[in-house]
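In this note's numbering, the protein residues as written are 1 to 192.
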């Protein structure tokens, strides 16, 4: 089993370098959670109290609109999942998070990480890096959905996140790209 220290090092390696003392401080607040495929990690109406670092598996963030299930985000190994509005406002979220595969995630509890920010400037930069990455990814996705035709949306996902195309069910990929499964099939067929 992976240790808290190893995960803290991995988070730092991916996002922002941390000193030895900061690695240990971050490791102390990490909480490991294991989920089976299809488990709900966060329900609509709950408050997002942690950022989630994905060690293993794949998670989907989604919501319901007019009784239709719409995929907002899919994350996998070394990615983060956060319901950003709920996390910062500490208000109930409209988003849900579920596992698409058996998954191991590490919670970074908001209350605990905020205590660390006052004492460790490199953790503060790491935290800012998480938030910046999340906001940029959201903006890129929004712009792609607004301005790109279906085949370009698919190609961008292929370029940026090929793992999603290899591992996620097609119905969720289509939803993520805001297209019907039939359109997704036509786009995929045209690329063969």
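Where is the CB? At the ideal position from N, CA and C, for every residue including glycine.
Give me the DSSP bridge partner(s) of residue i.
| i | result |
| --- | --- |
| residue 103 | 35 |
| residue 97 | 42, 61 |
| residue 193 | What is shown of the chain runs 1 to 192, which leaves residue 193 out entirely. |
Taking the alpha carbon of residue i as the reference point, which residue from the options has its own alpha carbon closest?
| i | options | result |
| --- | --- | --- |
| residue 194 | 59, 78, 69, 43 | Given that the chain is displayed from residue 1 to residue 192, the structure contains no residue 194 and the question cannot be resolved. |
| residue 162 | 92, 58, 115 | 58 |
| residue 109 | 98, 119, 127, 95 | 127 |
| residue 33 | 94, 87, 102 | 102 |
| residue 74 | 167, 189, 4, 117 | 167 |
From which residue to which residue does the beta strand (DSSP E) around residue i run?
| i | result |
| --- | --- |
| residue 40 | 40-42 |
Could you check where the alpha helix (DSSP H) with residue i kicks off and where it finishes?
| i | result |
| --- | --- |
| residue 26 | 20-29 |
| residue 46 | Looking at the DSSP string, residue 46 is not in any alpha helix (DSSP H), and its letter there is neither H nor E. |
| residue 111 | 110-117 |
Using 8 Å for Cβ pairs, my map puts residue i next to residue j. What's the rounded Cβ distance?
| i | j | result |
| --- | --- | --- |
| residue 31 | residue 106 | 7 Å |
| residue 64 | residue 72 | Rounded, the Cβ-Cβ distance is 11 Å, inconsistent with contact. |
| residue 22 | residue 131 | So it is not a contact: roughly 17 Å between Cβ atoms. |
| residue 165 | residue 184 | Their Cβ separation, rounded to whole angstroms, is 10 Å, which puts residue 165 and residue 184 out of contact at 8 Å. |
| residue 157 | residue 177 | 6 Å |
Quick check: is any heavy atom of the ligand PLP less than 7 Å from the C-beta of residue i?
| i | result |
| --- | --- |
| residue 45 | This structure does not include the ligand PLP; it has no bound ligands of any sort. |
Length-filtered (3 minimum) beta strand (DSSP E) runs lying within the stretch 120-145: none
Contained beta strand (DSSP E) runs [length at least 3] in the stretch 54-92, N- to C-terminal order: 58-65, 68-76
Segments of 4+ residues assigned as alpha helix (DSSP H) that fall wholly inside the stretch 144-185: 150-160, 162-167, 170-176
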